[in-house]
Amino acid sequence: MRILLAEDDPSIADGICASLRHSNHAVDHVANGQLADAALREHDYDLLVLDLGLPQLDGSDVLRRLRGRGGHAPVLVVTARDGLDERIRVLDLGADDFLVKPFALAEFEARVRALLRRRSSQGVPELRIGRLRLDLPGHRAWLGDEPLELTAREFGLLEALATRADRVTSRAQLIEALCSWDEELTDNGLDIAIHRLRRKLEGSGTGVRTIRGLGYLLEEIPASGGHA
Ligand code: CA
3 MRILLAEDDP SIADGICASL RHSNHAVDHV ANGQLADAAL REHDYDLLVL DLGLPQLDGS
63 DVLRRLRGRG GHAPVLVVTA RDGLDERIRV LDLGADDFLV KPFALAEFEA RVRALLRRRS
123 SQGVPELRIG RLRLDLPGHR AWLGDEPLEL TAREFGLLEA LATRADRVTS RAQLIEALCS
183 WDEELTDNGL DIAIHRLRRK LEGSGTGVRT IRGLGYLLEE IPASGGHA
């Protein structure tokens with residue numbers, strides 16, 4: 003999942019980034035409200051973790067603008083501002099959940115899991131392509147009943163392809179899905195990830211087809227036919 007963290011306190015941001023990356027999420031971090039607003043216009047995020055007390059543009063305004071243009075990403079507000087009125091105000095602006103600083107990282111992680119689960123159950127709870135099954139928020143994959151062991155990058159690749167099943171995914175789209183800003187993925191790195199994913203899917207009846215000049219397609223391979 004791709005997550006935007008808007009937080010100007012470096013020590014809190016470091017802790018949250020480390021925790022989210024440990025759970026195999028791609029995290030973009032911004033430290034002011036203007037950048038958060040710009041990032042939300044530019045990219046589709048699966049979750050926004052939003053501090054309210056941000057320089058340049060308050061977190062409340064970031065949230066108001068996001069909802070104002072119909073952005074549906076779940077929003078977890080983390081703030082030092084406490085009190086019932088504040089909670090109600092923030093939830094009314096369109097936040098999905100609210101955590102008051104200081105908080106335990108374990109609680110933060112549980113709230114994130116809950117929001118991503120909820121998002122997934124509103125959409126596609128489990129993706130199936132042939133014998134391949136994917137639990138997106140849980141980062142798990144199976145071939146039939148056998149768990150499929152994947153690295154974070156391989157899972158991200160499979161997720162990007164599977165959520166666009168029946169459509170060709172370009173190399174640029176794959177790189178965008180796999181990268182956060184401070185983590186580069188080279189063309190070569192993408193080729194290696196695709197090669198490894200193909201090997202793990204070998205014999206499963208589901209494969210990654212190259213569409214020359216356009217990109218890649220995740221699809222069922224007919225049992226009778228040969229495959230590249
Ligand atoms: Ca702050």
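Residue numbers (my numbering): 3 to 230.
Ideal placement from N, C-alpha and C gives every residue a C-beta, glycine not left out.
Integer-rounded CB distance, given that residue j should sit under 8 Å from residue i
{"i": "residue 35", "j": "residue 69", "result": "Contact flag wrong, Cβ pair sits at about 15 Å."}
{"i": "residue 117", "j": "residue 99", "result": "6 Å"}
{"i": "residue 41", "j": "residue 180", "result": "Incorrect: roughly 17 Å between the Cβ atoms, too far for contact."}
{"i": "residue 90", "j": "residue 51", "result": "That pair is no contact at about 20 Å."}
{"i": "residue 31", "j": "residue 7", "result": "5 Å"}
{"i": "residue 156", "j": "residue 130", "result": "That pair is no contact at about 18 Å."}
{"i": "residue 154", "j": "residue 175", "result": "So it is not a contact: roughly 18 Å between Cβ atoms."}
{"i": "residue 78", "j": "residue 101", "result": "7 Å"}
{"i": "residue 16", "j": "residue 57", "result": "Between residue 57 and residue 16 the Cβ distance is about 18 Å, and since that is not below 8 Å, they are no contact."}
{"i": "residue 143", "j": "residue 152", "result": "6 Å"}
CB of residue i within 9 Å of CB of residue j, strictly
{"i": "residue 217", "j": "residue 170", "result": "yes"}
{"i": "residue 220", "j": "residue 213", "result": "no"}
{"i": "residue 48", "j": "residue 80", "result": "no"}
{"i": "residue 136", "j": "residue 148", "result": "no"}
{"i": "residue 33", "j": "residue 61", "result": "no"}
{"i": "residue 22", "j": "residue 114", "result": "yes"}
{"i": "residue 109", "j": "residue 25", "result": "no"}
{"i": "residue 208", "j": "residue 132", "result": "yes"}
{"i": "residue 160", "j": "residue 134", "result": "yes"}
{"i": "residue 173", "j": "residue 192", "result": "yes"}
{"i": "residue 4", "j": "residue 43", "result": "no"}
Coarse secondary structure for residue i, derived from DSSP in three states
{"i": "residue 27", "result": "coil"}
{"i": "residue 229", "result": "Its pLDDT being 48, under 50, residue 229 is placed unreliably in this model, and the value from its coordinates should be taken loosely. Coil."}
{"i": "residue 214", "result": "coil"}
{"i": "residue 44", "result": "helix"}
{"i": "residue 17", "result": "helix"}
{"i": "residue 33", "result": "coil"}
{"i": "residue 200", "result": "helix"}
{"i": "residue 59", "result": "coil"}
{"i": "residue 65", "result": "helix"}
{"i": "residue 39", "result": "helix"}
{"i": "residue 6", "result": "strand"}
{"i": "residue 54", "result": "coil"}
{"i": "residue 137", "result": "strand"}
Closer than 8 Å: residue i CB and nearest ligand 3 heavy atom
{"i": "residue 142", "result": "Absence of ligand 3 from the depicted structure is noted, with ligand 1 being the only ligands included."}
Contained beta strand (DSSP E) runs [length at least 3] in the segment 139–197, N- to C-terminal order: 142–145
Could you name each continuous beta strand (DSSP E) segment of 3 residues or more that falls completely within the segment 67–129, going from the start of the chain to the end? 77–81 and 99–102
Report all residues for which the CB-ligand distance to some heavy atom of ligand 1 is below 6 Å; order them along the chain. 10, 11, 53, 55 and 56
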